[in-house]
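Under the numbering used here, the first residue of the sequence shown is numbered 45, with each subsequent residue one higher.
Note that the Cβ used here is the ideal one computed from N, Cα and C, for glycine as well.
Down below is the structure, laid out as structure tokens.
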Amino acid sequence: MMKRIYERILAAEAFIAATFLVLMVLLIFAGGVARLLEHPINWAIDAATCLFAWAVFLCTDIAWRRNSLMSIEILTARLPAALQKACRLLNLCVIAAFLLYVIGMGAWLSWISRARSFQGIPEVSYSWVTMSMPVGAALLLVTCALKARAEWSSS
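Below, the structure written as structure tokens:
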């Protein structure tokens with residue numbers, strides 16, 4: 045059951061990330077066209093910024109889960125298999141510690157920025173942007189834990 049829930053979360057994450065990227069491009073394009081026609085859409089760049097922040101973290105999680113992030117293994121590739129595994133596990137532990145820090149600090153940043161509003165959208169709190177950091181870090185932490193479990197159980 046947990047696996048099905050996780051698969052649905054992954055599908056929702058991919059759909060939301062793709063939607064945010066498309067909306068971001070459309071907003072920036074519409075804002076540019078509107079400005080050219082001398083009827084600027086003042087909120088378009090602010091909304092695109094919010095969508096960009098969320099898309100960055102969601103797409104990072106998707107890319108890492110698919111092993112599509114850049115990796116430099118020039119030194120570790122020359123090590124014995126056991127030492128390579130130890131390096132990967134140590135790396136995942138460092139990443140997990142950093143993500144835990146990002147979750148805490150991101151939540152704090154979201155809390156203190158709750159009164160701040162967008163310049164072009166004064167009714168909307170800037171916390172909608174800053175919440176992308178702890179939420180994205182939490183998704184990345186789950187991916188990190190799954191990668192560590194897979195690494196630990198592999199021979």
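Residue range of the unbroken alpha helix (DSSP H) whose run includes residue i
i, result
"tyrosine 170", "Note, tyrosine 170: premise wrong, no alpha helix (DSSP H); not H, not E."
"leucine 144", "125-156"
"phenylalanine 101", "88-109"
"glutamate 51", "46-80"
Contact check, residue i vs residue j, beta carbons under 9 Å
i, j, result
"threonine 174", "aspartate 105", "no"
"methionine 68", "leucine 95", "yes"
"leucine 184", "isoleucine 139", "yes"
"leucine 71", "alanine 88", "yes"
Neighbour-count burial assignment, residue i, 16 or more Cβ in a 10 Å radius
i, result
"serine 154", "buried"
"serine 176", "buried"
"tyrosine 170", "buried"
"phenylalanine 162", "buried"
"leucine 127", "exposed"
"tryptophan 152", "exposed"
"proline 178", "buried"
"lysine 191", "buried"
"arginine 110", "exposed"
"tryptophan 98", "buried"
"phenylalanine 59", "exposed"
Strand pairing of residue i, partner residues [DSSP]
i, result
"serine 161", "Ser169"
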